[in-house]
Amino acid sequence: MFLFPLNGFAQQREALRDSLKKATEALEYHPDSVDLRLKKAAWNLQLEQWQYAKDEYDRVLNKDQDNIAALYYRAFANQKLGRYNFARLDYEHLLQRVPGHFSALLGLALLNQKDKHHTEALNQINLLVSQHADSAVAYAARAGIEVEQGMLELGEYDYSEAIKRDQNNTDYLLNRAELRIQLGKTEKAREDLDRLVSLGVPRPALRNWYRRLKQ
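Read in order, the letters of the sequence shown correspond to residues 47 to 261 in the working numbering.
In structure tokens form, the structure reads like this:
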């Protein structure tokens, strides 16, 4: 968990609102500008205004039905709105236009996992790993899906593969430590926790995990 000063967070959101206001004003003079609509939609997304973002992507796609950015981010917005079937259609359309698109394939796999389409999720994440065997993100995503489906040993293996490709990623190390504790591999879990401390994670932040090693 990362903590930010509240005033800094408020200033950041205010800056985003200012950028959104400028994009909205510019669109009044250039309503047919696809680039401006994409910029405005991006600000809407950052402000978590999912419906406003989706509406802008709708307008872009009405003009250019194959716009890759609009398809991808509308899928994301639809997912946030709980419109899983619409999100799935956008991801599939994008993948028809750009087969093997990393972010779309990852998004579709995670969407299907969230929507309890477990077989499809595994098929898609396996395809992603096979096409991007050098990607730590792909292995970590597959590990997450495997863990959610109760395949802890496979999850540990894939987090290990992710760590080989991104050795100092603290999220991957902590997730593997958690799995190793659950699997009873306490010495290996301790190695992961000690590695996290060596990377600068405060030991008190890991107190609960260290305590579980003794149980």
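Think of the CB as a built atom: it goes at the ideal place given N, C-alpha and C, for glycine as much as any other residue.
Same chain only: Cβ atoms within 7 Å of residue i, ignoring 5 sequence neighbours per side
{"i": "residue 216", "result": "242, 245, 247"}
{"i": "residue 5", "result": "It is not possible to answer for residue 5, since the shown part of the chain is limited to 47 through 261."}
{"i": "residue 114", "result": "140, 143, 144"}
{"i": "residue 223", "result": "235, 238, 239, 255"}
Test item: CB-CB of residue i and residue j under 9 Å
{"i": "residue 160", "j": "residue 182", "result": "no"}
{"i": "residue 157", "j": "residue 185", "result": "no"}
{"i": "residue 204", "j": "residue 194", "result": "no"}
{"i": "residue 143", "j": "residue 112", "result": "yes"}
{"i": "residue 87", "j": "residue 106", "result": "yes"}
{"i": "residue 198", "j": "residue 239", "result": "no"}
{"i": "residue 171", "j": "residue 150", "result": "no"}
Between the CA atoms of residue j and residue i - distance to the nearest angstrom
{"i": "residue 131", "j": "residue 190", "result": "22 Å"}
{"i": "residue 84", "j": "residue 60", "result": "20 Å"}
{"i": "residue 82", "j": "residue 124", "result": "21 Å"}
{"i": "residue 196", "j": "residue 206", "result": "17 Å"}
{"i": "residue 177", "j": "residue 74", "result": "43 Å"}
{"i": "residue 271", "j": "residue 148", "result": "The structure shown does not extend to residue 271, since the chain spans only 47 to 261, so no value can be given for it."}
{"i": "residue 173", "j": "residue 212", "result": "20 Å"}
{"i": "residue 92", "j": "residue 68", "result": "15 Å"}
{"i": "residue 121", "j": "residue 165", "result": "20 Å"}
{"i": "residue 155", "j": "residue 127", "result": "18 Å"}
{"i": "residue 259", "j": "residue 231", "result": "9 Å"}
{"i": "residue 95", "j": "residue 153", "result": "19 Å"}
{"i": "residue 167", "j": "residue 77", "result": "39 Å"}
Buried or exposed by the 16-neighbour rule on C-beta atoms within 10 Å, applied to residue i
{"i": "residue 261", "result": "exposed"}
{"i": "residue 251", "result": "exposed"}
{"i": "residue 162", "result": "exposed"}
{"i": "residue 110", "result": "exposed"}
{"i": "residue 253", "result": "exposed"}
{"i": "residue 108", "result": "exposed"}
{"i": "residue 99", "result": "buried"}
{"i": "residue 63", "result": "exposed"}
{"i": "residue 201", "result": "buried"}
{"i": "residue 257", "result": "exposed"}
Cutoff 6 Å; reference residue i; Cβ partners in own chain excluding five residues on either side
{"i": "residue 226", "result": "234, 235"}
{"i": "residue 50", "result": "Its pLDDT being 38, under 50, residue 50 is placed unreliably by the model, and nothing is read from it."}
{"i": "residue 218", "result": "186, 205, 208, 209"}
{"i": "residue 90", "result": "98, 99"}
Extent of the continuous alpha helix (DSSP H) to which residue i belongs
{"i": "residue 222", "result": "216-228"}
{"i": "residue 169", "result": "164-177"}
{"i": "residue 109", "result": "96-109"}
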